[in-house]
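A.B. asks: Pasting a structure here, questions to come.
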Amino acid sequence: MNEVNSGGEDSAMDGIADEEIVEGPPFGLGELMATLVDLKTLPHVILLLILSTILYSFAQFSDTSATYSAIGFLSLSIGYAATAASTRWDFIYRLVRVDGLASESWLKSLILRSLRAWIVPLIMSSIIAFGFFQLTNSDDNWNHWLPLGLASLFLLWSIGQGTSFRSGTASWLAGKKTMDTDARSGGINGIVFWQLFAVTAVAILIGFGFSSGFEGELSENLKWIGFIALSIGIQIGLIFWIKDTLADVVSTRGGARFATRWSVLSQIFVTWHIASAWRRLIDEPSPFAMIIEELILMVITVLLAIWSLASRNVSRGGKLFTSNNALFWGLAFGFGYAGSIAMITSLSGDGNLAKTMAIGHIVTAITILVVHPFVLKKHAKNIIIPTEDEKVLHTPKLEITTTEEVTPLEETSEQQIAEDEVEEVEVKDDIDLDDIDLDEEIELLD
């Protein structure tokens with residue numbers, strides 16, 4: 154009887170060890186990026202580009218066409234979200250992917266299998282579109298509220314870009330060494346220097362590039378010199394606003410390390426958004442260049458948002474957001490984002506896409522500036538309050554309540570195995586920015 158119970162305890166210990174080993178992120182940012190550009194799901198990205206272009210152009214014709222376009226964008230967004238949730242079933246998962254292309258007629262095979270891969274999301278989107286058409290036929294108010302509601306999402310998408318950048322980037326930057334609780338005597342001068350240096354360098358490079366090396370007319374040069382001054386002024390204002398919070402965070406070596414990483418990267422991103430808005434408001438940017446820039450921004454935003462959602466969901470045992478369906482969630486967000494841009498451009502009357510996007514960039518930049526001190530405060534709190542992993546590693550003894558007597562030697566042995574495996578996995582997973590050591594430079598500047 155005791156042998157059976159001892160075996161049960163062994164199983165319990167194995168389960169605990171296994172659970173501790175998989176507590177880290179279920180997949181990395183690189184793996185997720187590879188999933189998004191996988192050739193097997195590339196037809197869905199092509200469909201996003203084709204349908205978004207058609208629906209955007211259609212929305213600019215009239216109020217009626219704007220309503221139909223809004224229905225199309227909303228239906229496709231919801232349809233791809235439903236497809237993402239349905240990929241947990243193997244039949245759907247295999248159907249929406251392009252596999253087994255024939256080598257002798259590769260192009261023909263790709264086209265046919267792409268059409269097959271589009272079946273599921275298009276059928277789901279068609280069903281949803283039918284429901285929207287029923288609503289608009291039964292009540293004319295829906296013809297007004299659908300485009301307006303989708304346009305109002307543009308503000309939420311812009312705010313979402315800032316918050317997704319915060320959650321995704323902060324998680325990526327928070328390496329093991331950023332949790333170092335050793336006291337640090339230096340002040341904030343080092344962090345402030347790197348932040349101002351990075352932003353100034355990026356602002357000058359952007360201004361130099363868009364002003365043709367500052368060799369054009371004086372009026373053109375003054376425009377971009379003004380942008381550089383604005384970028385630096387925003388950073389000075391931000392530093393004065395958060396100086397007390399920053400001083401608290403950098404009181405530890407881990408806090409200073411994280412604050413330097415976060416401040417530099419987040420404010421470079423802010424400067425990029427300000428430059429994009431500045432160029433759209435003072436110049437007539439090339440439509441092609443603007444589309445490429447917005448496409449890159451949308452990919453980055455969707456990538457960070459899906460990575461953050463998937464990491465949290467899978468680590469909690471959920472299957473709604475995973476690396477396997479990340480692309481389809483990204484497409485759902487993509488159709489919603491493109492639809493909001495189309496509607497707000499249509500409703501503005503002049504159809505000026507550049508001004509519409511400038512507003513979005515300004516909102517995103519303000520969002521990142523607002524959340525900047527809260528990210529620092531959260532990290533400082535995480536340093537003070539040990540995480541569950543730290544509690545496990547510093548627990549001298551693992552106690553198990555049982556109704557039967559457990560041999561101390563077996564308990565100690567199994568516990569040691571579990572702790573050794575946790576330490577081994579942590580060493581393997583410690584591939585982050587910790588190798589970049591700016592502590593010496595920061596302390597010299599302080």
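With the working numbering, letter number 87 in the sequence shown gets 240, and the count goes up by one each step, no holes.
The C-beta atom is built at its ideal place from N, Cα and C for all residues, glycine as well.
Just curious, the alpha helix (DSSP H) that D216 is in, first and last residue?
C.D. replies: In this chain, the alpha helix (DSSP H) harbouring D216 covers D216 to S239.
A.B. asks: Relative to the C-alpha of Y209, which candidate in G513, G487 and R410 has its C-alpha closest?
C.D. replies: Taking only the C-alpha atoms, the option nearest Y209 is G487.
A.B. asks: In or out: S317 buried (at least 16 other Cβ within 10 Å) or exposed?
C.D. replies: buried
A.B. asks: Going by other Cβ atoms of all chains shown within 10 Å of its Cβ, with 16 needed for buried, is L260 buried or exposed?
C.D. replies: exposed
A.B. asks: Are L299 and A354 closer than 9 Å when you measure CB to CB?
C.D. replies: no
A.B. asks: So, using beta-carbon positions, are P526 and T322 closer together than 9 Å?
C.D. replies: no
A.B. asks: Can the beta-carbon of L263 be found closer than 9 Å to that of V251?
C.D. replies: Yes, the pair counts as a contact, with Cβ atoms nearer than the cut-off.
A.B. asks: Taking C-beta to C-beta, are T424 and S384 nearer than 9 Å?
C.D. replies: yes
A.B. asks: Can you pull the DSSP bridge partners for T517?
C.D. replies: Answer is none; T517 lacks a bridge partner.
A.B. asks: Using only alpha-carbon positions, find the residue among L506, R432, V403 and A400 that is nearest to L375.
C.D. replies: R432
A.B. asks: Assuming Y246 and F481 make a contact with CB atoms under 8 Å, what is their CB distance in whole Å?
C.D. replies: The Cβ separation is near 10 Å, so there is no contact.
A.B. asks: State the Cα-Cα distance for the pair R266 and H197, rounded to the nearest angstrom.
C.D. replies: 11 Å
A.B. asks: Taking T194 as part of the alpha helix (DSSP H), name the residues at either end of that continuous run.
C.D. replies: Careful: T194 lies outside any alpha helix (DSSP H) and carries neither H nor E.
A.B. asks: Bridge partners of T405, per DSSP?
C.D. replies: A336
A.B. asks: Checking 9 Å against the spacing of the C-beta atoms, do G315 and I445 come in under that value?
C.D. replies: no
A.B. asks: With the cut-off set at 9 Å, would you say Q213 and A507 are in Cβ contact?
C.D. replies: no
A.B. asks: Have a look at L500 and L301 and give me their C-alpha separation to the nearest angstrom.
C.D. replies: The straight-line gap from Cα to Cα measures roughly 8 Å.
A.B. asks: Let me check understanding here. Comparing Cα to Cα, which of S205, A235, S239 and F244 lies closest to G225?
C.D. replies: With distances taken between CA atoms, G225 lies nearest to S205 out of S205, A235, S239 and F244.
A.B. asks: Would you mind giving the Cβ-Cβ distance between I344 and S416, rounded to the nearest angstrom? I have them listed as a contact below 8 Å.
C.D. replies: 6 Å
A.B. asks: Using the Cα positions of R319 and R406, report the straight-line distance between them to the nearest angstrom.
C.D. replies: 21 Å
A.B. asks: Between the alpha carbons of I435 and V528, how many angstroms are there, rounded?
C.D. replies: 33 Å
A.B. asks: Does the distance from the C-beta atom of T236 to that of N296 stay below 9 Å?
C.D. replies: no
A.B. asks: I'd like the list of long-range same chain contacts for M451, defined as Cβ closer than 7 Å, with 5 residues on each side in sequence excluded.
C.D. replies: G487 and Y490
A.B. asks: State the Cα-Cα distance for the pair G339 and S404, rounded to the nearest angstrom.
C.D. replies: Straight-line measurement puts the Cα of S404 at about 8 Å from the Cα of G339.
A.B. asks: What did DSSP end up calling D436 once you bin it into helix, strand or coil?
C.D. replies: When DSSP states are grouped into helix, strand and coil, D436 belongs to the coil group.
A.B. asks: I'd like the span of the alpha helix (DSSP H) that includes R247, first residue to last.
C.D. replies: D243 to L248
A.B. asks: What does the alpha-carbon distance come out to for the pair F474 and I459?
C.D. replies: 8 Å
A.B. asks: Compare the beta carbon distance of S239 and S278 with 9 Å and say whether it is the shorter of the two.
C.D. replies: no
A.B. asks: Is H514 near I453, with beta carbons less than 9 Å apart?
C.D. replies: No. Outside cutoff.
A.B. asks: Would L306 be called buried (16 or more neighbouring beta carbons within 10 Å of its own) or exposed?
C.D. replies: buried
A.B. asks: Check each candidate in G362, G408 and V249 and name the one with the smallest Cα separation from I536.
C.D. replies: Comparing Cα-Cα distances from I536 to each of G362, G408 and V249, the minimum goes to G408.
A.B. asks: Would you identify the three-state DSSP class for I341, choosing helix, strand or coil?
C.D. replies: coil
A.B. asks: What number of angstroms, rounded off, separates the C-alpha of H547 from the C-alpha of A187?
C.D. replies: Here the model assigns H547 a pLDDT of 44, short of 50, so the residue's position is not dependable, and the following value carries that caveat. Roughly 36 Å between the two C-alpha positions.
A.B. asks: Run the CB neighbour count on N478, radius 10 Å, all protein chains shown included, and call it buried at 16 or more, exposed below.
C.D. replies: buried
A.B. asks: Compute the Euclidean distance between the alpha carbons of G386 and A400, then round it to the nearest angstrom.
C.D. replies: Roughly 20 Å between the two C-alpha positions.
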